[in-house]
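Residue numbers (this note's numbering): 51 to 472. All C-beta atoms, glycine included, are put in the ideal place defined by N, C-alpha and C. Note that the coordinates shown come from a computational prediction; the quantities given were computed from them, not determined experimentally. Notes follow once the structure below has been shown.
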Amino acid sequence: MPTTNSQPNASVFGEAIQYFDAAAARLNLSSSMYRILTHPSRQVIISIPFARDNGEFDVYTGYRVQYSSARGPAKGGIRYHPNVTLDEVTALAFWMTWKCAVVDLPFGGGKGGVTCDPNVLSKGELERLTRRYAADLIEIIGPDKDVPAPDVNTNPQTMAWIMDTVSMHLRAHTPAVVTGKPLNIGGSRGRVEATGRGVWIAIESALDKLGKTVAGHRIVVQGFGNVGSISAKLLREAGAKIVGISDVSGGYYSEKGIDVFGALEHVAKSPNRSLEGFGADRVSNTELLEQPCDILVPAALENQITEKNARKVKAHLIAEGANGPTTPEADRLLSDGGVTIIPDILANAGGVTVSYFEWVQDRMGLYWRESEVNQRLGDLLRENFDVVWDTAKEYDTTLRGAAYTVAIKRVVDAYTTRGIYA
Ligand code: NAD
Numbered sequence: 051m052p053t054t055n056s057q058p059n060a061s062v063f064g065e066a067i068q069y070f071d072a073a074a075a076r077l078n079l080s081s082s083m084y085r086i087l088t089h090p091s092r093q094v095i096i097s098i099p100f101a102r103d104n105g106e107f108d109v110y111t112g113y114r115v116q117y118s119s120a121r122g123p124a125k126g127g128i129r130y131h132p133n134v135t136l137d138e139v140t141a142l143a144f145w146m147t148w149k150c151a152v153v154d155l156p157f158g159g160g161k162g163g164v165t166c167d168p169n170v171l172s173k174g175e176l177e178r179l180t181r182r183y184a185a186d187l188i189e190i191i192g193p194d195k196d197v198p199a200p201d202v203n204t205n206p207q208t209m210a211w212i213m214d215t216v217s218m219h220l221r222a223h224t225p226a227v228v229t230g231k232p233l234n235i236g237g238s239r240g241r242v243e244a245t246g247r248g249v250w251i252a253i254e255s256a257l258d259k260l261g262k263t264v265a266g267h268r269i270v271v272q273g274f275g276n277v278g279s280i281s282a283k284l285l286r287e288a289g290a291k292i293v294g295i296s297d298v299s300g301g302y303y304s305e306k307g308i309d310v311f312g313a314l315e316h317v318a319k320s321p322n323r324s325l326e327g328f329g330a331d332r333v334s335n336t337e338l339l340e341q342p343c344d345i346l347v348p349a350a351l352e353n354q355i356t357e358k359n360a361r362k363v364k365a366h367l368i369a370e371g372a373n374g375p376t377t378p379e380a381d382r383l384l385s386d387g388g389v390t391i392i393p394d395i396l397a398n399a400g401g402v403t404v405s406y407f408e409w410v411q412d413r414m415g416l417y418w419r420e421s422e423v424n425q426r427l428g429d430l431l432r433e434n435f436d437v438v439w440d441t442a443k444e445y446d447t448t449l450r451g452a453a454y455t456v457a458i459k460r461v462v463d464a465y466t467t468r469g470i471y472a
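If you want it as structure tokens, here you go:
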């Protein structure tokens with residue numbers, strides 16, 4: 051189990067620490083606490099042998115990073131992607147720590163991944179790879195230790211395989227070992243819509259502070275997958291005018307407003323779930339971000355708003371549905387220009403919040419109605435949005451600065467109360 055002995059730089063993790071540093075300075079963190087919080091608690095690297103369909107064995111590399119368990123079991127997804135590295139998984143586990151803390155979930159932060167291209171693997175190969183990954187990590191994952199979930203290229207089926215593998219090894223039904231499971235084996239109602247619902251609630255909460263409502267605002271949403279399409283649908287239902295949407299096929303803009311329900315139907319009927327062929331003015335994905343609108347929801351990929359295009363963004367409110375869509379340089383330019391940004395760790399925390407509800411329901415063996423899940427989600431997000439908003443006022447900082455400040459303070463408080471076993 052290799053662990054870093056010094057703070058890495060020139061890396062995804064090194065870059066992620068930039069936002070942390072500003073908030074740490076604001077909180078006047080002691081150098082001891084700074085050192086503790088800038089090192090992951092545990093990094094595990096495993097070699098995963100698995101049988102290919104042709105009878106040969108391949109060996110892939112897998113990771114699990116538990117960044118912090120100060121506030122509860124580590125929590126975070128598992129990613130299958132050719133670019134997965136220990137550095138990237140560490141940065142993602144670092145973000146999960148603050149995301150869980152900012153909405154006050156009793157979880158720490160974790161993340162996992164396997165360096166692989168799932169597109170070249172059959173379903174059987176993916177199942178064998180996943181089961182071996184889970185079996186190799188069996189001592190460190192579990193409802194009270196570390197609770198994985200889906201991330202890029204993993205899904206409810208992947209979680210079902212992990213839950214089954216762990217249950218078989220422990221000789222005990224263990225649904226709370228993972229979240230994001232299918233409903234019939236302990237998943238939560240409302241989980242699929244939760245992240246988009248959280249984005250909508252975050253926008254509503256921000257506008258409420260300014261004495262406004264969502265109705266009538268012109269909104270551009272980048273990305274029309276789980277997060278983007280649900281955000282667009284809920285914002286439209288709340289009376290907003292969605293003027294732009296996009297996916298990997300390009301951007302679609304209409305000043306008069308996009309027919310969001312038509313777009314959802316179009317995608318549902320399309321063989322590759324794409325907007326290709328949808329009837330609206332075509333713009334490029336870059337141009338989409340620069341179209342006239344009041345609110346922008348980047349809900350596709352990281353690093354979409356950079357120092358190159360930040361000055362061209364017309365929106366006065368940005369809600370980060372995706373993780374890391376705004377670079378630190380763009381963040382500074384936009385904030386200096388008076389744009390309010392609801393940061394990713396707050397705006398897209400709806401998913402992990404309902405994952406927390408799934409874990410709670412699995413442990414109780416009692417499952418809530420969707421309306422109850424949505425009610426609890428709304429209460430928790432609104433309450434913590436208010437805390438972040440007030441903290442921004444108190445420290446005269448941005449919502450991002452305030453979100454990190456709230457999250458770091460909560461983790462530090464947990465460490466201080468527990469004491470450091472050293
Ligand atoms: P998804 O795969 O369902 O959808 C991604 C969408 O982005 C697709 O419509 C895809 O076509 C589009 N896209 C890809 N490349 C694009 C490009 N260059 N320009 C415009 N659109 C492009 O993924 P998702 O679950 O909706 O996740 C989107 C983002 O939200 C990711 O950053 C993810 O980490 C983050 N996120 C997701 C959840 C969740 O619960 N799903 C939770 C928190 C954060």
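Backbone CA spacing between residue i and residue j [nearest angstrom]
i      : j      : result
Ala472 : Leu233 : 42 Å
Gln272 : Glu408 : 28 Å
Gln57  : Ile395 : Note on Gln57: pLDDT 45, under 50, position unreliable in the model; the coordinate value appears next. About 22 Å.
Asp214 : Ala124 : 20 Å
Arg181 : Ile212 : 6 Å
Tyr465 : Pro206 : 33 Å
Met83  : His89  : 10 Å
Thr229 : Gly158 : 15 Å
Asn203 : Asn398 : 18 Å
His219 : Glu189 : 11 Å
Thr147 : Arg178 : 30 Å
Asn424 : Tyr406 : 13 Å
Asp108 : Ile98  : 8 Å
Val3   : Val153 : The structure shown does not extend to residue 3, since the chain is modelled only from 51 through 472, so no value can be given for it.
Arg221 : Ala210 : 16 Å
Thr245 : Leu367 : 18 Å
Ala365 : Leu325 : 23 Å
Asp194 : Gln411 : 14 Å
Arg76  : Tyr110 : 42 Å
Lys291 : Lys306 : 8 Å
Arg247 : Val310 : 15 Å
Val249 : Thr336 : 22 Å
Leu257 : Arg432 : 12 Å
Arg332 : Tyr302 : 5 Å
Lys262 : Arg241 : 28 Å
Arg102 : Val134 : 21 Å
For residue i, three-class secondary structure by DSSP
i      : result
Asp194 : coil
His219 : helix
Thr263 : coil
Lys358 : coil
Asp154 : coil
Leu79  : coil
Gln341 : coil
Phe107 : strand
Tyr417 : coil
Tyr303 : strand
Ser324 : coil
Tyr471 : coil
Val402 : helix
Ile251 : helix
Lys161 : strand
Pro90  : coil
His316 : helix
Thr441 : helix
Ile308 : coil
Cβ-based neighbour list, residue i, same chain, cut-off 8 Å, excluding 5 preceding and 5 following
i      : result
Val363 : Leu339, Glu340, Leu346, Ile355, Leu384 and Val389
Contact test: residue i Cβ vs ligand 2 heavy atom, cutoff 6 Å
i      : result
Ala265 : Because ligand 2 does not appear in the structure shown, any question about it cannot be addressed here, the ligands present being ligand 1.
Cβ neighbours of residue i in the same chain (closer than 6 Å, five flanking residues each side left out)
i      : result
Phe63  : Asp137, Thr140 and Ala141
Ala288 : Val264
Val199 : At residue 199 the sequence reads Ala, which differs from the Val that was named. Hits under 6 Å: Gly127, Thr229, Gly230 and Ser405.
Leu155 : Tyr406
Ile280 : Glu243 and Gly246
Asp446 : none
Gly278 : Val271 and Ala349
Same chain only: Cβ atoms within 7 Å of residue i, ignoring 5 sequence neighbours per side
i      : result
Arg450 : Tyr69, Asp381, Ile391 and Pro393
Asn59  : Confidence at Asn59 is low in this model, with a pLDDT of 46, below 50, so its placement is unreliable and the value that follows should be read with caution. Around Asn59: no qualifying Cβ.
Val437 : Val456
Ser91  : Gln116, Tyr117, Ser118 and Ser119
Under 6 Å, CB to any heavy atom of ligand 1. Which residues pass, going along the chain? Cβ atoms closer than 6 Å to ligand 1 belong to Thr245, Gln272, Gly273, Phe274, Gly275, Asn276, Val277, Gly278, Ser296, Asp297, Val298, Asn335, Ala349, Ala350, Leu351, Gly371, Ala372, Asn373, Asn398 and Gly401.
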